[in-house]
């Protein structure tokens with residue numbers, strides 16, 4: 039359980055310095071206010087005391103995120119992204135560093151996406167170990183538009199189970215409800231997390247840790263990276279049973295959607311996971 043002074047920890051000088059350094063290394067595009075990363079340090083020097091006061095008093099209001107669309111590789115369809123303002127990226131990063139430092143150790147050992155000191159290569163190695171142990175079939179589960187479907191109330195309920203500081207919960211809710219500026223209009227949804235905010239990947243793991251724990255409670259061997267989850271079984275019939283149960287859990291319990299076009303039960307070498315295919319005991323990058 040996090041302490042009641044969590045916002046004070048977030049606003050500590052060393053945590054803020056680390057957040058500014060991290061945001062500066064990953065400049066990205068400006069948000070709706072047009073401020074660039076290079077302009078942020080001077081802005082903070084002039085305005086930080088007022089911003090800090092609003093955070094500590096629980097009245098900070100983030101700006102709406104900017105809608106941008108980027109092409110999906112090899113497809114006509116475009117991926118929609120939400121770009122927060124640089125100031126909000128900085129504050130989100132400061133929040134992330136504190137929450138992740140205390141929360142990450144509670145996440146599943148089978149989760150490899152968006153976590154410190156964990157890599158895609160380690161996830162691939164874990165999958166390879168299941169193949170070598172005789173689990174030649176995979177239940178390949180893909181979540182449809184996961185970042186657009188996260189239920190805010192369920193997510194905040196999960197966070198509130200461990201976060202006592204209501205200011206932090208209020209701030210996270212404000213980020214979830216900040217709205218999206220698209221063609222001059224701001225729309226607010228009760229679902230989804232902006233993909234380009236530093237907090238979004240962490241929040242996705244908070245949501246999907248429930249899936250990890252459900253799989254582990256049934257003794258399943260699995261590897262998850264964000265919304266891509268592979269469960270390894272020895273025979274197809276077992277895989278089909280698992281697919282049915284997991285799909286029900288995702289739709290009924292997590293209130294998310296399974297992408298049926300991309301999900302399947304198949305022999306491992308017919309599927310791609312984390313950019314790799316598995317042939318016998320050999321992993322091939324795509």
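Numbering (my numbering), first residue to last: 39 to 324. Every residue gets a Cβ at the ideal spot worked out from N, C-alpha and C, and that includes glycine.
Residue from the options with nearest C-alpha to residue i
i           : options            : result
residue 199 : 185, 244, 69       : 244
residue 91  : 80, 138, 205       : 205
residue 160 : 121, 262, 296, 192 : 262
residue 236 : 116, 50, 130, 310  : 130
residue 267 : 223, 179, 230      : 179
residue 254 : 109, 280, 196      : 280
residue 128 : 258, 82, 118, 315  : 82
residue 342 : 300, 258, 228      : The structure shown has nothing for residue 342, since the chain only spans 39 to 324.
residue 79  : 93, 108, 125       : 125
residue 251 : 76, 149, 139       : 149
residue 218 : 50, 51, 106, 64    : 106
residue 230 : 223, 224, 242, 222 : 242
residue 171 : 259, 265, 184, 226 : 259
residue 303 : 272, 166, 143      : 272
residue 100 : 147, 216, 143, 223 : 216
8 Å Cβ shell around residue i - same chain, five flanking residues per side excluded
i           : result
residue 136 : 44, 47, 48, 53
residue 341 : Because the chain is modelled from 39 through 324, residue 341 falls outside the range shown and cannot be assessed.
residue 288 : 179, 181, 249, 294, 295, 296
Where residue i falls: helix, strand or coil (DSSP)
i           : result
residue 120 : strand
residue 101 : coil
residue 50  : coil
residue 305 : strand
residue 315 : strand
residue 44  : helix
Distance, residue j Cα to residue i Cα
i           : j           : result
residue 66  : residue 201 : 30 Å
residue 134 : residue 145 : 15 Å
residue 62  : residue 69  : 15 Å
residue 283 : residue 102 : 38 Å
residue 177 : residue 270 : 6 Å
residue 72  : residue 60  : 19 Å
residue 86  : residue 203 : 21 Å
residue 277 : residue 186 : 28 Å
residue 89  : residue 57  : 15 Å
residue 225 : residue 156 : 35 Å
residue 308 : residue 50  : 50 Å
residue 76  : residue 197 : 33 Å
Beta-carbon proximity list for residue i, same chain, < 7 Å, skipping 5 on both sides
i           : result
residue 182 : 295, 296, 297
residue 232 : 103, 120, 122, 238
residue 305 : 174, 175
residue 142 : 153, 154
residue 301 : 178, 179, 180
Own chain partners of residue i with C-beta closer than 6 Å, once the 5 adjacent residues on each side are dropped
i           : result
residue 208 : 96
residue 246 : none
residue 210 : none
residue 214 : 190
residue 42  : 202, 203
residue 285 : 296
residue 118 : 107
residue 184 : 265
Taking only runs that begin and end inside the region 186 to 271, name each unbroken alpha helix (DSSP H) of 4 or more residues, in chain order.
Counting only runs of 4 or more, we get 190 to 198, 204 to 214, 237 to 255.
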